[in-house]
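Everything on this sheet refers to the single structure shown next.
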Amino acid sequence: MDALGINPGYLLMQIALFGILFLVMKGYLYEPILKALEDRKAKIAKGLEDARQAAIARD
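Letter by letter, the sequence shown follows residues -15 to 43 in the working numbering.
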């Protein structure tokens, strides 16, 4: 690998650090964002259902 200018130690370190960063980002960003989107989706669905019920009650 040295012929390609790749240091195996640096390569392994980069892979390990990327894995750690990925896990941290997944835990602190990805999952909370998905939860917020699901909460918003449920709130919108409830609002649409309430509007439908109000329209039925009005008629």
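We treat Cβ as the ideally placed atom computed from N, Cα and C, and that holds for glycine.
Since the structure is predicted, the reported quantities are computational estimates derived from the model, not experimental observations.
What is the rounded straight-line gap between the Cα of residue i and the Cα of residue j?
i	j	result
isoleucine -1	alanine -13	20 Å
proline 16	arginine 24	12 Å
glycine 3	isoleucine -10	19 Å
leucine 32	leucine -4	52 Å
glycine -7	alanine 29	52 Å
State the DSSP-derived secondary structure class of residue i, mapped to helix, strand or coil.
i	result
isoleucine -1	helix
aspartate 47	Outside the modelled stretch of the chain, which goes from -15 to 43, sits residue 47, for which no answer is possible.
isoleucine 17	helix
methionine -15	coil
isoleucine -10	coil
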